[in-house]
Structure formats: C-alpha cells, structure tokens
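Engineer: If you want this note's numbering, it's the 1-based position in the sequence shown plus 15.
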Amino acid sequence: GERSGVDHHIVVDRRDRSVEGGAAATGCPVHAFSSSDVFDIVVSNPPYVTEAEYQHLPVDVMREPRLALVADHDGLAFYERIEKGARLHLASGGSIFLEIGQTQGPAIKKIFSDGDIWRDFAIIKDYNARDRVVVVTKV
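1. Measure the Cβ-Cβ separation of G109 and G90 and say whether it is below 8 Å.
2. On a CA-only basis, which of F136, G130 and I97 is nearest P121? Give me that one, please.
3. Count the C-beta pairs between the region 92-105 and the region 126-142 that are closer than 8 Å, then say yes if the count reaches three, no if not.
4. L84: buried (16+ other C-beta within 10 angstroms of its C-beta) or exposed?
5. Output the residue ranges of the beta strand (DSSP E) runs that lie fully inside the region 86-125 and measure 3 residues or longer, sorted by chain position.
6. Would DSSP call D75 helix, strand or coil?
7. Name the one or two DSSP bridge partners that F54 has.
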C-alpha cells in the first residue's frame, strides 16, 4: 500500500514485545501490522538464546522474562519469522537491523541468503569484538 507519514516507517521490537506506534507484537514486529503496511527500517532485538544456553546465563540476565530470551530452532526461530515477514512488509531498499548471539552470524546469513530478495548482508561487532548486529537490505 501507499505509505503515509513517518509513523509507519520504523518498526522497533523491544524485549518487552512492544512496537513503536502502540501496536503490540506477538513475537515478530513485522507481523504486528496490517497486510498493506510497508516499512523502510526494521530494528529488533529478538529472543535468540538456545535452551542449552539459557541454563548457563548470568543471574542478572535471568531476571529478564524467559520469553524475551529463549527461541526455538537453536535460537533462530524469530530470525526466520522476521525474514519471512520482511519479504512482505519491508520496502525495496529498506534495511533490517537485528541483534544476534555471538555465534549466530553464519546461520542468520543463511536465513537471508536469497539473493533475489536480500543484499548487503553485514555483521557488526560489539566493543568486545563479538558478532552482535546483523544488517541486511531488501533488493
């Protein structure tokens, strides 16, 4: 559909599952809107911890709700859902910024490997030189 105003240009998925503009997400920010919504940027810090990793998290991290941390499919379930939803709701030339676990870069690159849909896949490292953010742009 036609885009109107900046209120529908950025989707922000926070660990409390809220989305900018007041719409509530249920696990995937791009699924929180109508089928005609199109966005230029999607930013998400989805759950990406595996069941095994969850058992060994520091106590301060365990204070977060389990739902905000753990994901199925080796911690990749939300990336798969975001990729699928972004095919429909991300504008051509739009970008996705995703926080990732430090070992998940190659698996997430595979999720976004369709060259007919995605380009410019990049991994940004954090201050400890660990993979932390994925950026990918829709063709």
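No residue lacks a Cβ here, since even glycine has one placed at the ideal position from N, Cα and C.
Structural biologist: This is what the structure gives:
1. no
2. F136
3. yes
4. Under this definition L84 is a buried residue.
5. Unbroken beta strand (DSSP E) stretches of 3 residues or longer found wholly inside the region 86-125: 105-114, given in chain order.
6. helix
7. L105
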